[in-house]
Every structure is written in C-alpha cells, then in structure tokens.
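**Q**
Residue numbers (our numbering), protein chains in the order written: chain A, 21 to 320; chain B, 35 to 595; chain C, 815 to 1128.
Spelled out as structure tokens, the structure:
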C-alpha cells in the first residue's frame, strides 16, 4: 500500500518535472532557432526591406531574387565542391590517424611505458602555436600550397578529439580485452574487433567534430590557396560576408566596383545554404550516439 | 633510453628545419631543394633575360619589345568583388595580357590573387616569408617601409627616368611630386606611387532634402543652420545627425566633416606657426566636442550610436531615421535600396557648412594610398616600367583605346585585369563636370565611353528608374553631385591637405594605435555627457604617452624633407 | 604521474623487457602517423616562436635577425592599460570556461530525461544551429536584440517598469553579455560530448537501481553524475588551456569605445598593434605568453585532478 502510494507520488512529481523540462527545452531550442529563421527570412526578402531593418522572422516583400542571383554565381558552387572534396579527403584521414593514435594512448602505463612521453608530445601542440608565418613556410616547403592536401593534412590532428577517443577506449571494460587476449588477439585485432564495434557514440561524435572543423575552417583556405577559385566554402563566405572593408577609404579606387557589392539578402542565402550540409549530417550521426547501449549489453 | 634517443633525433630534425628556414627566408633562396613552383619560373626568366639583355640594353624605347619572351611574376588584388570576364577570358588571358605578350613579349605569371579584404594579410605573409613577386601592389605605408628595411625593393628611380614614357612621368608628377616623395627613402625612389586625388576622400554632408521641404528649411551652410536643421529633423524617432561608433575613418556617418565645420580636423598634420601640429589635440576640437555633447543631450544624435557600426547606421538611414550625416562622395550607394523602395526618399550632398565661407576647412587626406613595389631580385625591372607605360598609354594616353582597355561596351571593366590601375588623378572630377554639362545641354557627344555610362545611368534615374544604382551615379556625377561638392572645396581654396606623407615614424609604429584608441574612448565619453575638461586631460596624456615624440619626429621629417 | 614499476634487475627481466618492446611495437607503429604529422605541422612551426625574442627581419631569417631578449614582452606590458586588458581577458575567459562546462552539462542532463526520442533529437539538432553562424552575422542580430530602446529584452524591461539595461554599451555589464552570448552560441555543440558520455553509461546500473526503488533524482545523483565525472574532468582541464582566450571574433564585432575599459582583450590589443604595423615580434610574444600561461594552467589542473580524484585526465 505505502509502496504504491510512494510510486504514485513519485510519478506525479516526475510528470510535473517532465512537463517543465519539455517546456524549458522547447524555449531554449526556440532561442537557438530564431537567428537562423531570421537569416532565412532575410534571404527571401527584398533588399530595401532588409536594409531598412524591417525583416525579423518572416520575409518582407517575398522574393526569390537572392537565390536566383546565387544560381548565376558559379563561385559559390565551386567553393562548395572544394569544401566537399576537403571533407572527403580530410575526415577519413583524420579519423584513421586519430583512432590509430588513441588506441596506444589508452593503454595502461605498465603495459606501454612510452605512453607518458607520447601523451605530453600530443598535449604541447594544443597549447603552443608557432604562428602564421612559420606554419605557412612549412606548408610551402612540403609542397602543398594551392593543393587540397594543404587543407587536409596540417589540421588532420586534433588532440582534443584524440583525447576523447582515448578516454572512451579506456572506459571500455577490461574484461572484454582480457578475454580477447586469452584468445590470442594482438593489439591490432583488439582495436578493430573489440574496441571499435562498441565505440559507436564516440566515433560518431568525433566524426562530427572533424566534419565541423573541416567545414568551418576558413583561414587556412585563405593563406594556402593561391586564388579565390580554390577557396573552400567558408573562406569564400568570409570574403563575401565580411564587408566592413568596403567602407574603408582604401576602397575608393573603384567606384564601379562599390556599386556591385552583393547585398545582405544574398549573403543570408549563402549563409543558410552553407550551413545545410553539416546540419543534415548531424541527425544521421546522432542516431549512433544512442547505440552506445550496445556496450552495456555486451558486458552482461 | 629510448626516449633520450628520440629527443636527440627531434633535436637534430629541428636543427635541420632551422637550416631550411633560414635558407628560405633569406632573400630568394638559392637552395636547389626548395620545392617552389616559382623557382622554375624565375629560372626560365633568367635564361630568357640573359639572351634578351643585349637587345634590351641597346634600346631604351619605353614601349620596346623583347626579342626573347620574359616572365614577370605578380600578385593581384581583385578588389571588393570577384572580377567578371568576357567569355573565354581570365586573369591569365585577357586584353591586357595579350597586349603585353604581343607587343612587349612579356608574360605575366600571377602567383596568387585575392579579394581586397584579405589582400593585406597575404602581402604580409609574402613579405615576411620572403616570397616576393617581381611586382606587387602595396596597400599601406608600413608594408612599403618594411620591404625597404628588408632590402626587398628595387630602386626604381633610374629605370623610371630611362624607360618611363613622357605621359607616365606626367601622371606620376601630376600631384606636385608628393606621391613620388612618399615612395622615396633617403632621397631615392623605391616604388611607383599610385597617384590619386586626396580630394576624393574629403567629407561631404548628406542631407534628406525631402525632409527639408517638409519643414520648409534651406540647405544648411552655417553651424547655426546646421543645428536648426538637426533639431527639426529630430522628431518621430528620427535623429538629425547619424554617426557610428568608430567616429572616424569609415567615411560613412563619420565625424571628420563635423570637425571641419568648426575649423578642426581629425588625424591630420597641418602647419601652425611654422611647424606641423596634430589635429586631434587642438583647442578647436574641444569646441567641436562640446557641440556634439549638446546635440547628444538634446536627443539629436541616437543615444545608442556608441554600439552601432556602419551597417547598423545604414539600416537606420534606410529606415528613414537619420536626417543628415557626414561621409564620402559615394555614400548614396548605401541608401540606393531605400530610394528604389520609396522614390520620395531624397538626399543631396552639400558642402560642409562653414567651409565655403572660409571659417571651416575641409580636410584632404594624402592622395597616394598605395604603391607598386618591384622586387630587388627582379631580373627585368625595366620591363615593369614598360608595362606601366603601356597601361597608362592604352587606357588614357593619346592612342588610348578606352573601349578595349578600360570599359567595354558590354560593361566589362578590363582596366581591372591589369595590375597597374593608374589613372589621371582628376579623372573623376573631370567626368562629373562633363556629365553634368551633358545633362544640362542634353548633348553627350563630348563624353568618352566611361562618362557616357555615368550619363546614361543618371538620365535613367532622372526619369524615375533608380534601380541598378542609377540614383547613386546621379548623386556622384550629376548636377550638384558629390564630386562637384568636393571640387568646390579646392576651387574656393578651403581645403587643408594632410602635410605628413612620409613613412610612419618609429614612435608612430609603436604608439599610434594606442593613442587613437584613447582618443576614441575619451571623445565618446565626452559626447555622451562626460566632463568636457576631460579633453584637456586627453591632450596632456596624448603628449605624455608618445604623442610629443611623434610630433618631434614628424617635424624632423618636415624640416629635412 | 604513473605507477613506478619496481622490478628486480635480473637477466630474465631483460628478456621480458625485450619481449614487451616487441609486443608494443605495433603500438609505436600505430602512433607513427599522428606523431609524424604533428612533428611536421605543429612542432617545426613552433620554432617560429623565436620571433618573440627578436626584432624579426624576413631577409635575415630566424638566425640572423637581431636578438632583443625580452624587449617585445616588455614593450607590450609597458603599454598603458595592458594590465587592465590582461585582467579583462582573464575575467571573460574564466567566466566562459565555467559557463562552457555548466550549461552543456545541465542541458545534457535535462535532455537525457526527455522520454520522447524524437523530441530529444529535434531539440538537440536545433540547439546546435547557432554554432554555425559567424559572429559577423550574430553581432548584427545581437545589436538589435539587446538594444535598450528597440530590442525585445529592452521592451520587456520597459513593460515591467524597469530601467532598461544597455547590455552592449554599459561597461559594467559588457563582460557578462559576452559570456552569455558565447555560451548561447556554443552550448549546443558542447552538449554533444556529454550526451555521448551519457549514452556510454551502463544501462544495467539504472536497471539495478530501479529494482532498489531509487528515485530518478537519486539515480541522477549516484549514477549519472559519477558517470559524467571523467568527461567533465577532461573538459575542465582542457578548457583551462583557454584561460586567456576571451574570443576575438565575438568581442571585436561587439565592443565599442564605451566598453573598452572592460571589454578590451589581449587579442584585440594585438589586432590593433598589428593594424598599425605588422609587428610580428610583439604578436608572437603575446602568443607565447598566452601559450605559456595556458600550458601551466593545464599542467597544474592535470596534476591536481590526478591527486584528488586519482584519475589521469589524459
């Protein structure tokens, strides 16, 4: 009797909590959604309405002009394809190198003594940065200037991601490895046959992080590429969206060009289109976060 | 033990790397291992120039053709938007490149190109990493100074004298030789200056004339009238004067013009009692700030101006919340969209009040804002002078083919496909005069193609079609346009040109940004109701924190000039 | 930092060690690609930090440029206001670090309580949107939103009869505005890590405690929180490396002369120095200073975490 009453009370409290929780998270989600909706509305509005600051969450004077304008702009799609190529090259490379590095680092010191040296070797570059010019010189001297590898190789290692992988590997129950070791499995087969199959959540997370890193990076495109035609999307966008320089006195050289500046509606359309790919990948990878449950069941 | 060995090997590798670095960072490495694409190009240029040298040396023809092909490496600032080319053309292959190839036998090798906003950064990398192209445009004086100090510049004085065409020399000297002086170090010329009229960067006052009509007011020509208009305009959530948080240098809703109205200036060196003084610490500035303070207190300036950048102010302008602002001659491009949406929305550029009667003076920045640098390692520097001769001649000289090399009838702008974009400095003022006259007489026969374009756009706007920035062109080149306003400063003798055009002095390099930040902070505080005597504190701080040193350095330059 | 392996030195041990070396050979091989890439693209450029001690001249290179000792450091610290700038940087960065841990953990915990998988996924996807908008775009939106007279928040304050707050124009409030907007922008991204960690917690533990009749709250306290502890620890230690990164893009786009006193940070200072002249020595000196402080913070926090929780963060 008392047990049942306690249960009921608990469920009532829980239900109240659940409702509040839903409301709260819905509110939070809404605040995150609005700026994106604003950009979307801007992209569908006429430019006088936008430059007068009249557009909030719904298009004013609905028009497809900015998208038509974009369709006539091959640079955007060229940059888009450079970015895609960068992802296809960079993300698999980063994943392989990182997983391979994370496994040895996840070993206990007593079985892999060199670990403690390696780990600091990995930590130091996270904090210390040689600066723009030396990095540029190395990329130049390794012959990568103006090639897709210049975007994929130098930033292929992200120590933070390696640490995430490493710690996940360490949290995998020792019993699984021990069982494998008894079966005579070496390091390589332990990694591929025991660890990776149960690491879906962290692999999905890290893959996503690499995708986002590669997708959002823009500065390297600027300094390592020799012409705007080879810029990845974010570098291209940076040249489009950051317009403050236009107002500087140096730009008076050519009045005709000032008249050709693309306006905010076009920029908003580009910003929106540029965010789509990563947003589209996310729910897909997210599914794998929950498959971490596998780990528990294997253990049982 | 293992670790020790590994560290040893790392150390060795670092030492090796250092070797690579110093090799490459030194002026144009001879390291055969350096995997650079330029190396091979320079090599071919070497070989070619050896063969051509004999012929070239014999001829000093400004337009002389090389017998053997030579290659000049260069980099390109694409401007604010990507270039557009006629079908089949590109940066590598266009009218200019073909002309250079056919008539001079010079091939341009573009090492890299980038848009305006990133150009400085790329140039800094080039200068610091030692990857200097034969020919590079520099956008700021510090880069020029840096390259000079690094020994990366070719002294161009002699070759310009020997190979420069008469028209080239005429254009380069058209500003009275100041541009050339700005590119000289220790009396020798080290770069080709881009000559432009500084007058084009002087401020004008933009006024909402439809509001003037509404309140039955006349265009302001004095401080008192200006205040009266400000007050009248500050109703219904609008503000008489639009300003942005950066106060200066943006050329849009900025304060230079306001200062000029009071006989004060911003960031300008001018002569006073025989020596140069810095504008921002002069007593006139105090009066100016006091007036701004009272306008702010009266609600004639947006109380939130302190956080609004030019983009935000522009939104307010387009939304009809701003009645007047000081800015550049091109500002109408920013509010052309609102004109399209509402044809009754009307602005007019007028002279800064008090300037034409002489109690104020319009400030005119120095005209040369960029330079063409020839690398000290360039094998054929005279070829670059020949390229310059050709550019000026074919675009603006006696044999000019403006429709081919400047602006095509289809609307392409080949002038921008060249690295040199020199033009006679008064070109735009002349164009404005001619376009205005053509509109008044209805006879465009005297116009060249470029001017004809402005004329036709202006006519469209006069006919009610303000799209495609037609209205903006009218406001610049048409009757009572902004360019004619700027010209009036000069014609009436009421323009003050920045008297310092030397390379940045050592203390400027170290302290100027800090001092400017201080000015911005203190001026903003005063405008927003701070103690006006804070200005006196600012002046003494300015002198104490390096300003006095800068002043003496500038005057040393002034007397030795 | 690790368990010392005390072993009697015997011939047999030598053989064992060789065996261990052989057995670990694959481990070294696996590390090789990452080690090599880091060496080339991170360690070699590190040498460029010598510029901090030089009056660097490209034509002279790293070896022949004039050595100036600590002059570049002294120069920066002698500039008026550098100490204030340093404090601003530290204050904003530290607050951001705290918010950057607390907010995502909190949201991840709440999300974890959501029963509907679909709602969970929608919320997760949506809160991750702002991460993809650059500060250039967001600054325009925030200037509107936070305007005391026009902005939504300002109007709500006015409707309630409160004095409107000038979030971006009041020097006292500006740092907090930076912290709030930054954590709003990036909490969705941070949440991903914690959610992944939550799904990694053994569900058997929850089942067992259900049988014991533990409440949801108790489960959160005794299973979820301890389960998150390692990852929170890692994130905290790593975040401490950012103790002097206050966020250049954000502050550069949102600050103004009115709030320089509390909003000017090291990176904006260097930017201004760089605007006037490409002073590489000075910029590198500041960078090196930041790195050294960050590294020290990271090392200390690592040791402290190990000492008190017995957990090696990495």
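C-beta atoms are modelled at their ideal positions from N, C-alpha and C, and glycine is treated no differently.
If we cut at 8 Å on Cβ distances, does residue 520 of chain B have a partner in chain C?
**A** Answer no: the Cβ-Cβ gap between residue 520 of chain B and chain C never drops below 8 Å.
**Q** Relative to the alpha-carbon of residue 575 of chain B, which residue among B:467, B:455, B:400 and B:552 has its alpha-carbon at the smallest distance?
**A** Of the listed residues, the one whose Cα sits closest to residue 575 of chain B is B:552.
**Q** Are the beta-carbon atoms of residue 361 of chain B and residue 285 of chain B separated by less than 8 Å?
**A** It is a contact, given that the beta carbons lie within the stated cut-off.
**Q** Excluding the 5 residues flanking residue 290 of chain B on each side, which residues of the same chain have their C-beta closer than 7 Å to its C-beta?
**A** Excluding residues within five positions, the ones whose Cβ falls inside 7 Å are 237, 282, 300, 360 and 397.
**Q** Is there contact here, the segment 250 to 259 of chain A with the segment 172 to 179 of chain B, by at least three beta-carbon pairs under 8 Å?
**A** Contact fails: fewer than three Cβ-Cβ distances are below 8 Å.
**Q** Would you mind sorting residue 240 of chain B into buried or exposed? The rule is 16 or more other CB atoms within 10 Å of its CB.
**A** Residue 240 of chain B is buried by the Cβ-count criterion.
**Q** Can you find the residues in the same chain that come closer than 7 Å, C-beta to C-beta, to residue 234 of chain A, ignoring five residues on each side of it along the sequence?
**A** These residues qualify, in order along the chain: 106, 107, 110 and 111.
**Q** Can you tell me the Cα-Cα spacing of residue 569 of chain B and residue 556 of chain B, whole angstroms?
**A** Distance between the alpha carbons of residue 569 of chain B and residue 556 of chain B: 7 Å.
**Q** So residue 349 of chain B contacts chain F; which residues on that side make the cut at Cβ distance below 7 Å?
**A** Absence of chain F from the displayed structure is noted, the protein chains being A, B and C.
**Q** Give the interface partners of residue 178 of chain A over in chain B, defined as CB-CB distance under 8 Å, in chain order.
**A** Within 8 Å Cβ-Cβ: nothing; residue 178 of chain A doesn't reach chain B, min ~22 Å.
**Q** Can you tell me which of the three DSSP states residue 180 of chain B falls into?
**A** Three-state result, residue 180 of chain B: helix.
**Q** Going by the C-beta, is residue 34 of chain A closer than 7 Å to any heavy atom of the ligand SAH?
**A** Among the components of this structure there are no ligands whatsoever, and the ligand SAH is therefore not found.
**Q** Which word fits residue 350 of chain B, buried or exposed, when buried means at least 16 other C-beta atoms lie within 10 angstroms of its C-beta?
**A** Buried, by the Cβ-count rule.
**Q** Check distances from the C-beta atoms of the segment 147 to 174 of chain A to those of chain B and list, in chain order, the residues that come in under 9 Å.
**A** Going along the segment 147 to 174 of chain A in chain order, one finds 152, 153, 154, 156, 157, 158, 160, 161, 162, 163, 165 and 166 with a Cβ nearer than 9 Å to chain B.
**Q** Consider the Cβ of residue 303 of chain A: report whether some Cβ of chain C lies at a distance smaller than 8 Å.
**A** True, the Cβ-Cβ gap to chain C drops below 8 Å.
**Q** Checking contacts by CB at 8 Å: is residue 547 of chain B closer than that to chain C?
**A** Judged by the 8 Å Cβ criterion, residue 547 of chain B is in contact with chain C.
**Q** Thinking C-beta only, is residue 91 of chain A closer than 8 Å to residue 75 of chain A?
**A** For residue 75 of chain A and residue 91 of chain A, no; Cβs fall outside 8 Å.
**Q** Taking 8 Å as the CB-CB limit, is residue 989 of chain C close to chain B?
**A** It does not; no Cβ of chain B falls within 8 Å.
**Q** CB residue 1034 of chain C to CB residue 923 of chain C, shorter than 8 Å?
**A** A contact, by the Cβ cut-off of 8 Å.
**Q** Residues bridged to residue 398 of chain B by DSSP?
**A** Residue 398 of chain B pairs with B:531.
**Q** Is there a Cβ of chain A sitting closer than 8 Å to that of residue 962 of chain C, yes or no?
**A** No, because no Cβ of chain A sits closer than 8 Å to the Cβ of residue 962 of chain C.
**Q** Between which two residues does the beta strand (DSSP E) holding residue 106 of chain B run?
**A** Here the beta strand (DSSP E) through residue 106 of chain B covers 104 to 111.
**Q** Suppose contacts are defined by Cβ-Cβ distances below 8 Å. Is residue 493 of chain B in contact with residue 228 of chain B by that definition?
**A** For residue 493 of chain B and residue 228 of chain B, no; Cβs fall outside 8 Å.
**Q** Counting only beta-carbon atoms, is residue 1072 of chain C nearer than 8 Å to chain B?
**A** True, the Cβ-Cβ gap to chain B drops below 8 Å.
**Q** So, for residue 503 of chain B: in the same chain, excluding its five sequence neighbours on each side, which residues have a beta-carbon less than 7 Å away from its beta-carbon?
**A** Excluding sequence neighbours, residue 503 of chain B sits near 367 and 370.
**Q** So is residue 908 of chain C in contact with chain A if we call contact Cβ pairs under 8 Å?
**A** No, residue 908 of chain C lies away from the interface with chain A (no Cβ there is under 8 Å from its Cβ).
**Q** Run through the segment 299 to 333 of chain B for me and flag every whole beta strand (DSSP E) of 3 or more residues, listed as ranges in chain order.
**A** Segments of the beta strand (DSSP E) lying fully in the segment 299 to 333 of chain B: 303 to 306 and 309 to 312.
**Q** Thinking residue 859 of chain C and residue 161 of chain B are a contact (beta carbons under 8 Å), I'd like their distance in whole angstroms, please.
**A** Contact flag wrong, Cβ pair sits at about 18 Å.
**Q** Would you kindly check if the distance between the Cβ of residue 120 of chain A and the Cβ of residue 1071 of chain C is under 8 Å?
**A** Taking 8 Å as the Cβ cut-off, residue 1071 of chain C and residue 120 of chain A do not qualify as a contacting pair.
**Q** Output the boundary residues of the beta strand (DSSP E) element that contains residue 549 of chain B.
**A** Run containing residue 549 of chain B: none in the beta strand (DSSP E); it sits in the alpha helix (DSSP H), 540 to 561.
**Q** DSSP puts residue 288 of chain B in a beta bridge; with which residues?
**A** Paired residues: B:360.
**Q** Using a Cβ-Cβ distance cut-off of 8 Å, determine whether residue 1058 of chain C contacts chain B.
**A** With 8 Å as the cut-off, residue 1058 of chain C does not count as an interface residue toward chain B.
**Q** Work out the CA separation of residue 223 of chain B and residue 89 of chain A for me, nearest whole Å.
**A** Between residue 89 of chain A and residue 223 of chain B, the C-alpha separation is close to 46 Å.
**Q** For residue 221 of chain A, count neighbouring Cβ atoms within 10 angstroms of its own Cβ and tell me buried if that reaches 16, exposed if not.
**A** So residue 221 of chain A ends up on the buried side.
**Q** Looking at chain B, is there any beta carbon in it that lies within less than 8 Å of the beta carbon of residue 107 of chain A?
**A** No, residue 107 of chain A lies away from the interface with chain B (no Cβ there is under 8 Å from its Cβ).
**Q** Rounded to a whole number of angstroms, what is the C-alpha to C-alpha distance between residue 200 of chain A and residue 997 of chain C?
**A** Distance between the alpha carbons of residue 200 of chain A and residue 997 of chain C is about 43 Å.
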